[in-house]
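Each residue of the sequence shown is one higher than the last, beginning at 105 in our numbering. We treat Cβ as the ideally placed atom computed from N, Cα and C, and that holds for glycine.
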Amino acid sequence: MLLSKMQEIKVIKKIKTKLEDVTLFEFLENEKNKKILYIKKMKEEKKEVLNQTIHTFQVVDGVSLWEVNRKLKRLVRTGIPKESLQLGAMKIPLTVKKSNILATPIEIERIEKTIDELEGFEELRLRFFHRYKPHYHEKKVFGEIDRWIEIEIC
Numbered sequence: 105m106l107l108s109k110m111q112e113i114k115v116i117k118k119i120k121t122k123l124e125d126v127t128l129f130e131f132l133e134n135e136k137n138k139k140i141l142y143i144k145k146m147k148e149e150k151k152e153v154l155n156q157t158i159h160t161f162q163v164v165d166g167v168s169l170w171e172v173n174r175k176l177k178r179l180v181r182t183g184i185p186k187e188s189l190q191l192g193a194m195k196i197p198l199t200v201k202k203s204n205i206l207a208t209p210i211e212i213e214r215i216e217k218t219i220d221e222l223e224g225f226e227e228l229r230l231r232f233f234h235r236y237k238p239h240y241h242e243k244k245v246f247g248e249i250d251r252w253i254e255i256e257i258c
């Protein structure tokens, strides 16, 4: 109780010294501007988080980023297998492609770039302190295309 009273007195003294330097109108205007800046900053942060969440649920050239992100996060929790460390690469299987057309180099580059920007990939880097580079691979087998991501451990 005594501590809260002392804190109130300190706050009142600070406000009083501020009021002595500027007029009441200027003080209130300054406080209003601080609140406006704080609200703008919070809106920008929320937009960034929302954009990242939307990005995670997108599909890039038939590759579900949500599925890849989930598999990467599972890999972070369970750890990298020793065989993968010895081979220098990990393989993450993806769903079978519906069309019979292989991806162009531009599409492959876009897929690799978006996978590299995923939250799960960043967690993988932070957890195990290795440098990783994703490589997207496709192989035509009996009229359908098998796909996988190979993560090179540098």
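- Item | Inside the stretch 180–211 only - beta strand (DSSP E) runs reaching at least 3 residues | 193–197
- Using the rule of at least 16 other Cβ atoms within 10 Å of the residue's Cβ for burial, across every protein chain shown, is F129 buried or exposed? exposed
- Message: If I follow the unbroken beta strand (DSSP E) through R251, where does it start and stop?
- Response: Note, R251: beta strand (DSSP E), E248 to I257.
- Message: In the DSSP assignment, the alpha helix (DSSP H) including E223 goes from what residue to what residue?
- Response: E223 to F232
- Does the beta carbon of N204 come closer than 7 Å to any beta carbon on chain D? No chain D appears in the structure shown, which is made up of a single protein chain.
- Item | Residue burial classification, R251 (beta-carbon count within 10 angstroms, cutoff 16) | buried
- Message: Give me, in chain order, the residues of the same chain whose beta-carbon lies closer than 6 Å to that of K201; leave out the 5 immediate sequence neighbours on both sides.
- Response: G166, I249 and R251
- Flag this pair as yes or no: are the beta carbons of Y240 and I253 separated by less than 7 Å? yes
- Query: Rounded to a whole number of angstroms, what is the C-alpha to C-alpha distance between L149 and I140?
  - Reply: First, the amino acid is wrong: residue 149 is Glu here, not Leu. Distance between the alpha carbons of E149 and I140: 14 Å.
- Query: Do I219 and V172 have their CB atoms nearer than 7 Å?
  - Reply: yes
- Task: Evaluate contact between the stretch 225–236 and the stretch 180–194, counting only Cβ atoms and requiring at least three cross-stretch pairs below 8 Å.
- Result: yes
- Task: Taking E223 and Q156 to be in contact with their CB atoms under 8 Å, please state how far apart those CB atoms are, rounded to whole angstroms.
- Result: For E223 against Q156, the beta-carbon gap comes to about 7 Å, under 8 Å, which counts as contact.
- Starting from the Cα of I255, find the closest Cα among K244, V153, I205 and S188 and give me that residue. Ranking the options by Cα distance to I255, first place goes to S188.
- Message: Just to confirm my understanding: we take F232, look at its own chain, exclude 5 residues before and 5 after, and list those with CB closer than 7 Å. What are they?
- Response: I184
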